[in-house]
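Residue numbers (the working numbering): 2 to 90. Scroll down for the structure; my scribbles are underneath it.
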């Protein structure tokens, strides 16, 4: 039982971390960053970690003008999956 609880807590923590990465990516996209500066390096790392999930969703969604809805869709999906698996984080 302790092992199952550990796995559930680990999954919840990973989902929470990924949620913060996606929210961070959205916030970072509002500000121009010098690609050679320290913020540019942070942006590259966050994009590298979130692109594998966001890009397929972005391609599947219809265009909504200048608004990118893929982070919202992924965040909703993550919450539905967590709730569906009865992982009460």
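Where a beta carbon is used, it is the ideal one built from N, C-alpha and C, also for glycine.
### Query
Name the DSSP beta bridge partners of residue 65, please?
As a working note, residue 65 is residue 64 in the chain shown. Bridge partners of residue 65: 68.
For residue 23, count the other beta carbons within 10 Å of its own beta carbon; 16 or more makes it buried, fewer makes it exposed. Which is it? Taking the chain shown and counting its residues from 1, one reaches residue 23 at position 22. Its Cβ being crowded by 16 or more others within 10 Å, residue 23 is buried.
| In angstroms, rounded to a whole number, what distance separates the CA positions of residue 68 and residue 59? | By one-based count along the chain shown, residue 68 stands at place 67. By one-based count along the chain shown, residue 59 stands at place 58. Distance between the alpha carbons of residue 68 and residue 59: 11 Å.
Nearest-angstrom Cβ-Cβ length linking residue 55 and residue 71, presumed shorter than 8 Å: Position 54 of the chain shown, counted from the first residue, corresponds to residue 55. Position 70 of the chain shown, counted from the first residue, corresponds to residue 71. The pair is a contact, with the Cβ atoms about 5 Å apart (cut-off 8 Å).
Through-space distance from residue 57 to residue 46, alpha-carbon basis: To locate residue 46, count along the chain shown from 1; it is residue 45. To locate residue 57, count along the chain shown from 1; it is residue 56. C-alpha separation (whole angstroms): 18 Å.
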